[in-house]
Every structure is written in C-alpha cells, then in structure tokens.
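Data first, discussion second: the structure below is written as structure tokens.
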Amino acid sequence: MNGDRQRLRGHYDEDFYWERVDRNLGWLDEGPLVAQQLLALTGGETAREIRDMHFAASWRLFDLVLPTLLDRSYRTWDQDLSKRTYFGHPPAEASLESRV
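As structure tokens, this is what we get:
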C-alpha cells in the first residue's frame, strides 16, 4: 500500500474530477485535468443529494483513473479557466418563501 500511495502522490480527488497537482503550475484547481464527469443538476436537489452525487462520481472516476495512475499511462488536458462559474447563495429577494 505504501508504494501505491507514493505513486499516487501529486493527485487528489476534488468532488467530480481528478486533477494533476504540480507545485509549479500555480493554484490548486487550476492544473490540468486527468478525468472529468459532468453531473446534471435540475436545481431541485438538496445539499445531501448533491454531495451524494459527487461522492458517487468520485468513486466512478477513481475506478477509471487508478490503473492509469499506477502504470503512468494517464493523459491530461488543460482546463479552460475562462469557463469557470460560481454559484453562491441567492439574494434575499430571490427567496421562494411566501410573503404575506
């Protein structure tokens, strides 16, 4: 197991993608991708459902990526950082609560 951990060094799982981490590339989450799986969300999911979807996707990617990491046959591609989005909490006036 220790040898496997050493070979996996420099890679980490972040929700639903695997990224190669290189200290010379800059910030985390900006490095080249090793695998990616997009998740379709409807907007009606609970936080727990989203978390569960991410964990399930992470395990699927882990099963796909691990053999390529161990034999060093993985390929990477750069992220298009201009396509990043962020969704925070909606403003109070966007609340769906009834106002009587």
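Going by numbering that gives the first Met the number 0, the first residue of the sequence shown is number 0, and it counts up by one from there.
Where a beta carbon is used, it is the ideal one built from N, C-alpha and C, also for glycine.
All of these numbers come straight from a predicted model, not from anything done at the bench.
Neighbourhood of residue i by C-beta, 8 Å cutoff - its chain only, sequence neighbours within 5 removed
| i | result |
| --- | --- |
| E29 | Q78 and L80 |
Alpha-carbon spacing of residue i relative to residue j, whole angstroms
| i | j | result |
| --- | --- | --- |
| R50 | D70 | 30 Å |
| Q36 | R59 | 9 Å |
| E44 | T84 | 19 Å |
| M52 | L38 | 8 Å |
| A46 | S57 | 16 Å |
| A34 | W76 | 9 Å |
Contact set for residue i: own chain, Cβ-Cβ below 7 Å, skip 5 residues either direction
| i | result |
| --- | --- |
| T67 | Y73 |
DSSP-derived helix/strand/coil call for residue i
| i | result |
| --- | --- |
| L40 | coil |
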